[in-house]
Amino acid sequence: MLNYRHLYYFWVVANEGGFARAAERLDMAIQTISAQVRLLESSIGHQLLKPSGRTVVLTDAGRAVFLRADEIFLLGSRIPEEAAAAATGPSVRLSVGLSDGIAKLAAHRLLQPVLATSGLKLICHDGELEQLMADLALHKLDLVLACQPPPHNSSFRLSSERLVASRVDWYGPVALVSDQKIAEFPQSLKDLPILAPTYHAALRERMDRWLENLGIQAQIVGEFEDSALLSIFSAQGMGVFPVTELGSADLVNIQSLKLLGCSDGLNEEIYGIYSSRSKNHPLVRKILNI
1 MLNYRHLYYF
11 WVVANEGGFA
21 RAAERLDMAI
31 QTISAQVRLL
41 ESSIGHQLLK
51 PSGRTVVLTD
61 AGRAVFLRAD
71 EIFLLGSRIP
81 EEAAAAATGP
91 SVRLSVGLSD
101 GIAKLAAHRL
111 LQPVLATSGL
121 KLICHDGELE
131 QLMADLALHK
141 LDLVLACQPP
151 PHNSSFRLSS
161 ERLVASRVDW
171 YGPVALVSDQ
181 KIAEFPQSLK
191 DLPILAPTYH
201 AALRERMDRW
211 LENLGIQAQI
221 VGEFEDSALL
231 SIFSAQGMGV
241 FPVTELGSAD
251 LVNIQSLKLL
261 GCSDGLNEEI
271 YGIYSSRSKN
281 HPLVRKILNI
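Per the UniProt record's numbering, residue 1 is the first one in the sequence shown, and the count goes up by one each step.
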């Protein structure tokens, strides 16, 4: 039977990058920790760590064990919180990752079906898609909302459902969006400075292709990870920008912005990405409508 104390010592060593730092964290002798890890390796039958200069690195077997240990101790760390929550009343935890480029209002609308759930504890994280998928695979997240499905060559065993396909509109500051520019849209984009999402957002490549098909050589004067920050710079007069129809309601309270035009043939899709385990979460199933 696996000794979880030995597994914990190995996990700390792997996290800290060596026995010395692990010993300092655990307030134990290096020799004691080393002996415990060797016992774990003996019980599993594989070397888990190998020297690399003054540190240690994981072997292939070590990486597999470390990923599983990460899941185990993450779940263990939640026990006090979940026990306290259970003692005070029923609650439902939902951890959602929002990939770069997702409009905040669009995310809110997609999560709307579960927001009235009794005892809901909703936790939202922003980040790059690759990191969010890693967290989902490690069960740190229940669902990821992204502008693209997981890549076919991804090392993570994840699935996805398309939740919405939203038309892309163009907005800009009143000073730039004249009646003439509106009438000449989309060709008027060739004469306007454009603020664009970065290439972390799937919309960027679609936007580039759409402009290219129209024969428009874009004047990109700024690139932004955060759609809310992008709209603020636009409102200050820096340029016009694309935004999904779902996310355009975010702009209602920014009086200095004006609709330039609606894109014909340019859409943004939003996907719900999930693991085989999180698919069984009742709120994930409700969001995905499965």
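We treat Cβ as the ideally placed atom computed from N, Cα and C, and that holds for glycine. The model shown is predicted, which means the values in this text are computed figures rather than measured ones.
Check: Which residues in the same chain have their Cβ closer than 8 Å to the Cβ of R157, if we skip the five residues on either side of it in sequence?; Outcome: A137, S275, S276
Check: Distance, Cα to Cα, C147 vs I232?; Outcome: 22 Å
Check: Could you check whether the region 247 to 264 touches the region 126 to 133, counting it as contact only if at least three pairs of C-beta atoms, one from each stretch, sit closer than 8 Å?; Outcome: no
Check: Could you have a look at S276 and say whether DSSP puts it in helix, strand or coil?; Outcome: coil
Check: Since E268 sits in a beta bridge, which residues does DSSP pair it with?; Outcome: S166
Check: Are the beta-carbon atoms belonging to I44 and L2 less than 9 Å from one another?; Outcome: yes
Check: Taking the CB atoms as reference points, tell me whether V240 and G172 lie closer together than 9 Å.; Outcome: yes
Check: Within 10 angstroms of its Cβ, does I79 collect 16 or more other Cβ (buried), or is it exposed?; Outcome: exposed
Check: Report the option in H200, R209, E245 whose CA atom is closest to the CA atom of F224.; Outcome: H200
Check: Which residue spans inside the region 93 to 131 form an unbroken beta strand (DSSP E) run of at least 3?; Outcome: 120 to 127
Check: For V177, count the other beta carbons within 10 Å of its own beta carbon; 16 or more makes it buried, fewer makes it exposed. Which is it?; Outcome: buried
Check: Leaving out five residues before and five after M133 in sequence, what residues of the same chain have Cβ atoms less than 7 Å from its Cβ?; Outcome: V144, P150, S154, F156, L158, I273
Check: Buried or exposed: where does A53 fall if 16 or more other Cβ atoms within 10 Å of its Cβ makes it buried?; Outcome: The sequence as given places Gly at residue 53; Ala does not occur at that position. With fewer than 16 Cβ atoms within 10 Å of its Cβ, G53 is classed as exposed.
Check: Rounded to whole angstroms, what's the CA-CA distance from I182 to S188? Just pull it up for me.; Outcome: 8 Å
Check: Determine the DSSP secondary structure at L39, reduced to helix, strand or coil.; Outcome: helix
Check: Roughly how many angstroms lie between the CA atoms of L120 and A29, to the nearest whole one?; Outcome: 44 Å
Check: With a 10 Å radius around its C-beta and 16 neighbouring C-beta atoms as the bar for buried, classify A106 as buried or exposed.; Outcome: buried
Check: Only counting runs of 4 or more residues, tell me where the alpha helix (DSSP H) segments fall wholly within the region 184 to 216, in order along the chain.; Outcome: 202 to 213
Check: For L39 and L48, which I take to be in contact (beta-carbon distance under 8 Å), what is that distance rounded to the nearest angstrom?; Outcome: Between L48 and L39 the Cβ distance is about 11 Å, and since that is not below 8 Å, they are no contact.
Check: From what residue to what residue does the alpha helix (DSSP H) around A14 run?; Outcome: 4 to 16
Check: From this set, E71, V12, V114, which residue's C-alpha is nearest L283's C-alpha?; Outcome: V114
Check: My guess is that I194 and Q219 are in contact by the Cβ rule of under 8 Å, so how many angstroms apart are they, rounded?; Outcome: 6 Å
Check: Once DSSP output is grouped into helix, strand and coil, what is the label at I220?; Outcome: strand
Check: What residue does the alpha helix (DSSP H) around S234 start on, and which one ends it?; Outcome: 227 to 235
Check: Relative to the C-alpha of A69, which residue among R109, A84, Y8 is closest?; Outcome: Y8
Check: Comparing alpha-carbon positions, which option in A103, R93, F185 lies nearest V164?; Outcome: A103
Check: Taking the alpha-carbon of L94 as reference, which of A20, A196, H139 has the nearest alpha-carbon?; Outcome: H139
Check: Apart from the five residues just before and just after S248, which ones in its own chain have a Cβ nearer than 6 Å to its Cβ?; Outcome: D169
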